[in-house]
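To start, the structure itself, in structure tokens.
Protein chains: 2
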Amino acid sequence: MAAVNLKELAKILNLSISTVSKALRDSHEIGASTKERVLAKAKELDYSPNPFASGLRRNKSKTVAVVVPEVANNYFALAINGIESVAQEKDYHVLIYLTHEDFEKEKRIMKHLENKRVDGILMSVTMHTNQCDHLFDIQQKGIPIVMFDRICHEIETAKITTDDYISGMNATKHLIDNGAKDIAFLSLGDEVSIVQKRKSGFLEELEKNNIVTAPNRIVNCNDSDESNYQKIKNLLKGKQRPDAIFASVEKLATTTYEVCKELKINIPQDLKIICFSNLATASLLSPSLSTITQPAYEIGKTAAEVMFKYLDKNKTYIPNENIVLHSTLFIRDSSQNLSK
Amino acid sequence: MAAVNLKELAKILNLSISTVSKALRDSHEIGASTKERVLAKAKELDYSPNPFASGLRRNKSKTVAVVVPEVANNYFALAINGIESVAQEKDYHVLIYLTHEDFEKEKRIMKHLENKRVDGILMSVTMHTNQCDHLFDIQQKGIPIVMFDRICHEIETAKITTDDYISGMNATKHLIDNGAKDIAFLSLGDEVSIVQKRKSGFLEELEKNNIVTAPNRIVNCNDSDESNYQKIKNLLKGKQRPDAIFASVEKLATTTYEVCKELKINIPQDLKIICFSNLATASLLSPSLSTITQPAYEIGKTAAEVMFKYLDKNKTYIPNENIVLHSTLFIRDSSQNLSK
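Line by line, the protein sequences give chains A and B.
Here this note's numbering is used: the first residue of the first sequence is 6, the next is one more, and so on.
Here this note's numbering is used: the first residue of the second sequence is 6, the next is one more, and so on.
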């Protein structure tokens, strides 16, 4: 007898698929007695938690979805181009969905995609995505997901990221080597995995150099430009301002440039700046902006290649795999001790 | 008896829909005898060329498609955000398709959208789109199109553009007022309606000022960064170089900055620059970049509002309407005679 799938198991138990799925994941939303009943029946019927491992998809839509927070963002725009370069070769259409950092919208989009209108989904979650049930549900429907950059660790699949922790350390070391003694970190969203890693690298490097950071040197920014402008201005307007800024994302660095213009703070003499960025005009800024640049196009391309490796074989189950690409440190004028 | 629609007419004539549609439009692809036969039958059966004018759509997908050349482009990224702001209110999903300036890909995307997977399409065509049959076909299937920025004049629908001709004149006048006597125009694609208008405004203003342009002052660029870099370098490297550049799109201005860096040409002392641009960091460049800035977000928003005005009433026929929004001239350092 073939092993049952989730849908069959739910039917036999007379429970919803979602309840069974949650019970199998030991969710707090499901009572203990239901969990026991589900687990016993799953064992009895030899239920495999990965029913799609050997499952063949029949109806192909020849379409993949890309779900990202934003396109007015150099990183995501380049990653999308990388994805498209592979899809084009495979004669696939690419649909792009934007979440605009809205977790509820991300959930609605996933719901919308449930009906197999696409063969696979490549995604980067919002800054507010703090649980991944909606992604798990999509996988259970037999639609594979590949995650890139902003990932959910809990989801079993291929995840493409960059060496954010090491890059965070290297950028911090570079600032210290150029004389920075009091560095502020501009953070973005507590839930964003990559920002956490960048911050950990930053803090680790400070510790290695016996530099103690005041709590107000970690500035938690968000997706409002005006609010970020104020926060950065508050940080820089007093006499106790830091001598360097490490911005976790590009937008916060360009906002810092604008604040410095208003406050007449000279970069890099009065304030050194470095940031994660894919800004094409970084070298044309005044002064030129030092960046840690992610291989955004390559990340998108790799994510798509992994997706098609499975789609080509009609497989909808993608096993866990962490693919880490390397970022490059571009040292320009904004972060250097020019008087050295 | 109700009037027949295109599909019924084609069936009665035992011809394909596309043949009938082309015959009705007097296409050169269709022979004279077929055209006569089609026109006679159309008259006999009271065929209406706009069968969707009064037609009500039943199955709504609650989804609109946005078809644009590129997202690694500040203008389109902002326009998409404008569209999304309206769609969000209407509880609609937005699918984004990228043509990457590939006319064949644009046609494939239109074919893909024919099966009513979306309720409407908002689009800006590729730089190589030189005929609009694929758009006409989509309209005939009862899927409304609203065009913005790069439009097809032949298609009957709402078209949202900016005052490109006047802006082209104003930017040119500004350069002349600041002492420019030999201005080069960096063009992009012969088919792009808006670039043609910008160039016409440029030439008109030169004529008004009795300035004669050499043919080599109109540089036809394309979508290859490397090729554009070489073309601009060739323009600027000799002694006979122009004293100002008017770039029809942002990318060509930032490439000019890079060429000037390599050739050690000082902006604006040796060369003045102005361009159409939505670059968020224009004021942070060295020197700050003068721009004609289109209200990209507003354009997207307006296009979506027009679309929903008809979708809300279940109408799929959108009559011709030209909506023109105004661009703003931002004079910064790159175009000014600073010694004045």
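Don't be surprised by glycine CBs; every beta carbon is placed ideally from N, CA and C.
Contact with chain A by residue i, beta-carbon distance below 8 Å
i                 : result
Val76 of chain B  : yes
Leu343 of chain B : no
Ile250 of chain B : no
Glu89 of chain B  : yes
Ala309 of chain B : no
His117 of chain B : yes
Ser291 of chain B : yes
Tyr80 of chain B  : no
Ile336 of chain B : no
Asn86 of chain B  : yes
Leu140 of chain B : no
Ile114 of chain B : yes
Thr177 of chain B : no
Cα-Cα separation, residue i to residue j
i                 : j                 : result
Phe190 of chain A : Thr261 of chain A : 12 Å
Ala15 of chain A  : Val43 of chain A  : 9 Å
Lys121 of chain B : Leu316 of chain B : 13 Å
Lys46 of chain B  : Leu18 of chain B  : 8 Å
Thr162 of chain A : Ile323 of chain A : 5 Å
Asp187 of chain B : Thr218 of chain B : 7 Å
Lys204 of chain B : Leu241 of chain B : 20 Å
Pro74 of chain B  : Gly36 of chain A  : 51 Å
Gly305 of chain B : Tyr97 of chain B  : 15 Å
Ile143 of chain A : His158 of chain B : 43 Å
Tyr80 of chain A  : Ser38 of chain B  : 56 Å
Ser340 of chain B : Asp275 of chain B : 11 Å
Ile216 of chain B : Glu210 of chain B : 9 Å
Gln299 of chain B : Lys256 of chain A : 21 Å
Gln201 of chain A : Ile171 of chain A : 12 Å
Val329 of chain B : Lys178 of chain B : 21 Å
Glu310 of chain A : Asn319 of chain A : 14 Å
Ala84 of chain B  : Ala258 of chain B : 20 Å
Val99 of chain A  : His331 of chain B : 33 Å
Glu212 of chain B : Asn183 of chain B : 17 Å
Glu34 of chain B  : Cys137 of chain B : 14 Å
Glu119 of chain B : Glu106 of chain B : 20 Å
Met128 of chain A : Asp228 of chain B : 28 Å
CB contact below 8 Å: residue i versus chain B
i                 : result
Thr24 of chain A  : no
Leu268 of chain A : no
Tyr97 of chain A  : no
Lys259 of chain A : A quick correction: the sequence has Thr, not Lys, at residue 259 of chain A. Yes, contact with chain B.
Pro56 of chain A  : Confidence at Pro56 of chain A is low in this model, with a pLDDT of 37, below 50, so the placement of that residue is unreliable and no value is reported for it.
His105 of chain A : yes
Leu83 of chain A  : yes
Arg62 of chain A  : Residue confidence is low: Arg62 of chain A scores 46 on pLDDT, short of 50, so the model does not pin down where it sits. No coordinate-derived value is stated.
Ser340 of chain A : no
Ile101 of chain A : yes
Ala45 of chain A  : no
Tyr262 of chain A : yes
Thr286 of chain A : yes
Neighbour-count burial assignment, residue i, 16 or more Cβ in a 10 Å radius
i                 : result
Asp31 of chain A  : exposed
Leu343 of chain A : exposed
Lys236 of chain B : buried
Glu333 of chain A : The question names Glu, but residue 333 of chain A in the sequence shown is Thr. Burial call: exposed.
Gly243 of chain A : exposed
Asn283 of chain B : buried
Asn239 of chain B : exposed
Asp1 of chain A   : Residue coverage of chain A in this structure runs from 6 to 345, which leaves residue 1 of chain A outside it and unanswerable.
Asp195 of chain A : exposed
Ser21 of chain B  : exposed
Contact test: residue i Cβ vs the ligand COA heavy atom, cutoff 7 Å
i                 : result
Pro300 of chain A : For the structure depicted, the ligand COA is absent and the ligand set is empty, with no information on it obtainable.
Interface flag, residue i vs chain D, CB-CB below 8 Å
i                : result
Ala92 of chain A : The structure shown contains no chain D; its protein chains are A and B.
Notebook entry, point to check: Can you give, in chain order, each stretch of the beta strand (DSSP E) that sits fully within the segment 148-193 of chain A and has at least 3 residues?
Noted result: Taking only runs of at least 3 residues, the beta strand (DSSP E) segments lying wholly in the segment 148-193 of chain A are 150-153, 163-167, 188-193.
Checklist line | Runs of alpha helix (DSSP H) wholly within the segment 101-134 of chain B (minimum 4 residues, chain order) | finding: For the segment 101-134 of chain B, whole alpha helix (DSSP H) runs of length 4 or above, ordered along the chain, are 108-118.
Next item on the list: Inspect the CB distances between the segment 246-260 of chain A and the segment 303-321 of chain A and report whether three or more fall short of 8 Å.
Entry: Contact between the segment 246-260 of chain A and the segment 303-321 of chain A is absent, because fewer than three Cβ pairs lie under 8 Å.
Margin query: Taking contact to mean 3 or more Cβ pairs, one atom from each stretch, closer than 8 Å, check whether the segment 135-151 of chain A and the segment 162-172 of chain A are in contact.
Written below: Short answer: they touch.
Item checked: Segments of 4+ residues assigned as alpha helix (DSSP H) that fall wholly inside the segment 9-56 of chain A -> If one requires a minimum length of 4 residues, the alpha helix (DSSP H) runs lying completely within the segment 9-56 of chain A are 11-18, 22-29, 37-49, in chain order.
Notebook entry, point to check: Should the segment 82-92 of chain B be called in touch with the segment 262-270 of chain B, which here means at least 3 C-beta pairs below 8 Å?
Noted result: Here the segment 82-92 of chain B does not lie against the segment 262-270 of chain B, with fewer than 3 beta-carbon pairs under 8 Å apart.
Checklist line | 4 or more residues per run - each alpha helix (DSSP H) lying fully within the segment 230-313 of chain B | finding: 230-242, 255-268, all fully within the segment 230-313 of chain B.
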